[in-house]
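Novice: Protein chains in written order, with this note's numbering: chain A, 42 to 273; chain B, 42 to 273.
A virtual CB, placed ideally from N, CA and C, is assigned to each residue, including glycine.
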DNA sequence: ACAACACAAGCTGTATACAGAACGTATACG
DNA sequence: CGTATACGTTCTGTATACAGCTTGTGTTGT
């Protein structure tokens, strides 16, 4: 909990940047960022009281933000007791990957058909930045490019609901995917190459090929995660 | 809004039935029931104040329940303005069906392999009640049996996340599916037969066959909904 | 008659107060 | 020395108070 409080103290003051933002939204974003990057211990309880003082916001909006994060799987609420940092089991992690395997190929297939030229260009731009980050070993830049990459695809997909659910699935496994690509030195470049293949198919407007590339990509991710979680 | 208040007034007092239930959960269940069965006008604004007095609960837990319902797609929150009854576009309805087409065959496939004998028996029991309800034209009983039917399958599915998301998708389209099977006289019996086919495959532990039956079922639903929404 | 504006009512978002429950600690007992 | 228990602290869940905004109405001016 002290670690989280320190992390929150080091965050920029989003309220000052955009005064129209609701406090609930500020709390949501800051807490989400912290949960994904502050390296907290899974299962650790979070005190609403202490969070609200750390954020300089009253308990009510903080509580609402926590409930939203719970529905996205980043924290778990134990009614009457506490809200804790999500402690996903190996099983539930593999379940998330399974969901992605069902959804993301379809998302990319739809996105390939519907993407505007601007979106395709943005995708190419992003994959290039990802390749640079990969070459220079800049994990943070790579991770951010990865997020943008999938955001563009989600935007391009005409089925907004599908896009939303996929984002949610990716959020749930965010730190785990990071662990995978950051601790396994061969995965970062392999993962980049897999993304490049997806982009190539999208550029050629080959939806089925892009879907298959995504299927391959997530299949590899699943394999890598499975090995890591089973033996490491 | 008056209609909703009347509907809420006619609900049983869940608090008295189970005093351990949190008020937030009571509000959630009562509002969800009302949204699904009170035949409210899509887009209609809901006042937190009036809801809380109608429920006999203060605004705080009602507000939390509304936010949860928003994330499940039953209401829409317009920050700073109001929360309104969901007014799904034709597009978003078809998107939900698309999601179900991606997810439910897989859910049934997994459930078929993992279901216990007890669960299979419960499924058989439910389909029989559904057939009786179909024969007697008891729409309410049919609808309830349908819900239980899918709950059993969701329970049997080892991927809990998949089960959750499917439930969410079904909730979003609940009233629409009802409209479909209740206004189209041929759909009710056809729909029942489609469910029977699914059960038959599950009983034979034929996962692939069950998945295909589900695919057919949702395909028919999509077709029927599409015609209804496009022309009616 | 129509448009613009001012006002009033109601509503949302947030802060705060309070009651009851859960947890940890320290103490008493076997 | 280990265990059970009683107490105090802290927490969650809920109610309520308050400020600012949005909306609809009525009035006024053109």
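Counting pairs of beta carbons, one from the segment 168 to 186 of chain B and one from the segment 148 to 156 of chain B, are three or more of them closer than 8 Å?
Specialist: no
Novice: What does the alpha-carbon distance come out to for the pair residue 184 of chain B and residue 145 of chain B?
Specialist: Counting from one through the second chain, the residue named residue 184 of chain B turns up at place 143. Counting from one through the second chain, the residue named residue 145 of chain B turns up at place 104. Cα-Cα distance, rounded: 18 Å.
Novice: Leaving aside the five residues before and after residue 87 of chain B along the sequence, list all residues of the same chain whose C-beta is less than 6 Å from its C-beta, in chain order.
Specialist: Position 46 of the second chain, counting from 1, holds the residue named residue 87 of chain B. 124, listed in sequence order.
Novice: Just grab the DSSP bridge partners of residue 87 of chain A for me.
Specialist: Indexing the first chain from 1 puts residue 87 of chain A at position 46. Answer by DSSP bridge pairing, in chain order: A/124.
Novice: Quick check: does the Cβ of residue 153 of chain A come within less than 6 Å of any heavy atom belonging to the ligand ATP?
Specialist: No copy of the ligand ATP appears in this structure; indeed no ligand is present at all.
Novice: Residues in the same chain with beta-carbon distance under 8 Å from residue 134 of chain A, minus the five sequence neighbours each way, listed in chain order, please.
Specialist: Within the first chain, the letter at position 93 stands for residue 134 of chain A. Cβ neighbours of residue 134 of chain A beyond the five flanking positions: 214, 217, 266 and 270.
Novice: Taking residue 91 of chain B as the reference, which of B/50, B/208 and B/234 has the closest Cα?
Specialist: If you number the second chain from 1, residue 91 of chain B lands on position 50. Of B/50, B/208 and B/234, the residue nearest in Cα terms is B/50.
Novice: Please report the residue range of the beta strand (DSSP E) in which residue 119 of chain A lies.
Specialist: In the first chain, residue 119 of chain A corresponds to position 78, counting from 1. Note, residue 119 of chain A: beta strand (DSSP E), 116 to 119.
Novice: With the cut-off set at 7 Å, would you say residue 112 of chain B and residue 69 of chain B are in Cβ contact?
Specialist: Translated into the one-based positions of the second chain, residue 112 of chain B becomes position 71. Translated into the one-based positions of the second chain, residue 69 of chain B becomes position 28. No.
Novice: Are the CB atoms of residue 255 of chain B and residue 164 of chain B within a distance shorter than 7 Å?
Specialist: Working through the second chain from its first residue, we reach residue 164 of chain B at position 123. Working through the second chain from its first residue, we reach residue 255 of chain B at position 214. No, the Cβ-Cβ distance between residue 164 of chain B and residue 255 of chain B is not below 7 Å.
Novice: I want to see whether chain A comes within less than 7 Å of residue 200 of chain B, judged by CB atoms only; does it?
Specialist: Translated into positions along the second chain, residue 200 of chain B becomes position 159. Yes, contact with chain A.
Novice: Closer than 8 Å, Cβ to any Cβ of chain B: which residues of the segment 248 to 271 of chain A, in chain order?
Specialist: none
Novice: What does residue 206 of chain A touch in chain B if you count any residue whose Cβ is under 8 Å from its own?
Specialist: The residue given as residue 206 of chain A occupies position 165 in the first chain. Near residue 206 of chain A (Cβ distances below 8 Å), the residues of chain B are 140 and 206.
Novice: Quick one: which chain A residues come within Cβ less than 8 Å of residue 112 of chain B?
Specialist: Your numbering for residue 112 of chain B matches position 71 in the second chain. Neighbours of residue 112 of chain B on chain A, chain order: 109 and 112.
Novice: For the segment 152 to 185 of chain A, list every residue whose C-beta sits within 8 Å of some C-beta in chain B, in sequence order.
Specialist: none
Novice: For the alpha helix (DSSP H) containing residue 209 of chain A, list its first residue and its last residue.
Specialist: Indexing the first chain from 1 puts residue 209 of chain A at position 168. Note, residue 209 of chain A: alpha helix (DSSP H), 201 to 213.
Novice: Using a Cβ-Cβ cutoff of less than 7 Å, which residues in the same chain neighbour residue 26 of chain B once the five nearest sequence positions on both sides are dropped?
Specialist: For chain B, the structure presents residues 42 to 273; residue 26 of chain B sits outside this window and is missing.
Novice: Can you give me the start and stop residues for the alpha helix (DSSP H) that residue 268 of chain B sits inside?
Specialist: The residue given as residue 268 of chain B occupies position 227 in the second chain. From DSSP, the alpha helix (DSSP H) with residue 268 of chain B extends over 248 to 272.
Novice: Give the C-beta separation of residue 106 of chain B and residue 72 of chain B to the nearest angstrom, bearing in mind that I take them to be a contact with Cβ-Cβ under 8 Å.
Specialist: Stepping through the second chain from its first residue, residue 106 of chain B is reached at position 65. Stepping through the second chain from its first residue, residue 72 of chain B is reached at position 31. So it is a contact: roughly 6 Å between Cβ atoms.
Novice: With a threshold of 16 other CB atoms inside 10 Å of the CB of residue 136 of chain A, please say whether the residue is buried or exposed.
Specialist: The residue you call residue 136 of chain A lines up with position 95 of the first chain. Residue 136 of chain A comes out buried.
Novice: What are the residues in the segment 119 to 139 of chain B lying within 7 Å of chain A by C-beta distance?
Specialist: Correct list: 120, 133, 136, 137 and 139.
Novice: So residue 142 of chain B packs on residue 259 of chain B, CB below 8 Å; how close in whole Å?
Specialist: For this step, residue 142 of chain B is matched to residue 101 along the second chain. For this step, residue 259 of chain B is matched to residue 218 along the second chain. Residue 142 of chain B to residue 259 of chain B, Cβ: 5 Å. Contact.
Novice: Determine, using beta carbons only, whether residue 147 of chain A comes closer than 7 Å to chain B.
Specialist: Along the first chain, read from residue 1 onward, the residue named residue 147 of chain A stands at position 106. By this cut-off, residue 147 of chain A is an interface position.
Novice: Nearest-angstrom Cα distance between residue 235 of chain B and residue 226 of chain B?
Specialist: As a working mapping, residue 235 of chain B is identified with position 194 in the second chain. As a working mapping, residue 226 of chain B is identified with position 185 in the second chain. Residue 235 of chain B and residue 226 of chain B: Cα-Cα distance of roughly 15 Å.
Novice: Using a Cβ cut-off of 7 Å, which residues of the segment 86 to 106 of chain A contact any Cβ in chain B, in chain order?
Specialist: 105
Novice: Tell me which residues share the same chain as residue 187 of chain A and place their Cβ nearer than 7 Å to its Cβ, disregarding the 5 neighbours each side in the sequence.
Specialist: Your numbering for residue 187 of chain A matches position 146 in the first chain. Beyond the five residues adjoining it in sequence on each side, residue 187 of chain A comes within less than 7 Å, by CB distance, of 171 in the same chain, given in chain order.
Novice: How would you label residue 200 of chain A, buried or exposed, when you count the other beta carbons within 10 angstroms and need 16 or more for buried?
Specialist: As a working note, residue 200 of chain A is residue 159 in the first chain. The residue is buried, with at least 16 neighbouring Cβ atoms inside 10 Å.
Novice: Closest by CA to residue 61 of chain A, which one among B/132, B/54 and B/120?
Specialist: Here residue 61 of chain A refers to the residue found at position 20 of the first chain. Minimum Cα distance to residue 61 of chain A is reached at B/120.
Novice: So, residue 102 of chain A versus residue 47 of chain A, is the Cβ gap smaller than 7 Å?
Specialist: Here residue 102 of chain A corresponds to residue number 61 of the first chain, with the count starting at 1. Here residue 47 of chain A corresponds to residue number 6 of the first chain, with the count starting at 1. Cβ distance not < 7 Å, so residue 102 of chain A and residue 47 of chain A don't count as in contact.
Novice: Pick helix, strand or coil for residue 67 of chain A, following the three-state DSSP scheme.
Specialist: The sequence position of residue 67 of chain A within the first chain is 26, counting from 1. Of the three classes helix, strand and coil, the one that applies to residue 67 of chain A here is helix, per DSSP.
Novice: Run the CB neighbour count on residue 252 of chain A, radius 10 Å, all protein chains shown included, and call it buried at 16 or more, exposed below.
Specialist: Against the first chain, residue 252 of chain A aligns to sequence position 211. With 16 or more other Cβ atoms within 10 Å, it is buried.
Novice: Assuming residue 229 of chain B and residue 175 of chain B make a contact with CB atoms under 8 Å, what is their CB distance in whole Å?
Specialist: Here the question's residue 229 of chain B lines up with position 188 in the second chain. Here the question's residue 175 of chain B lines up with position 134 in the second chain. Correct: roughly 6 Å between the Cβ atoms.
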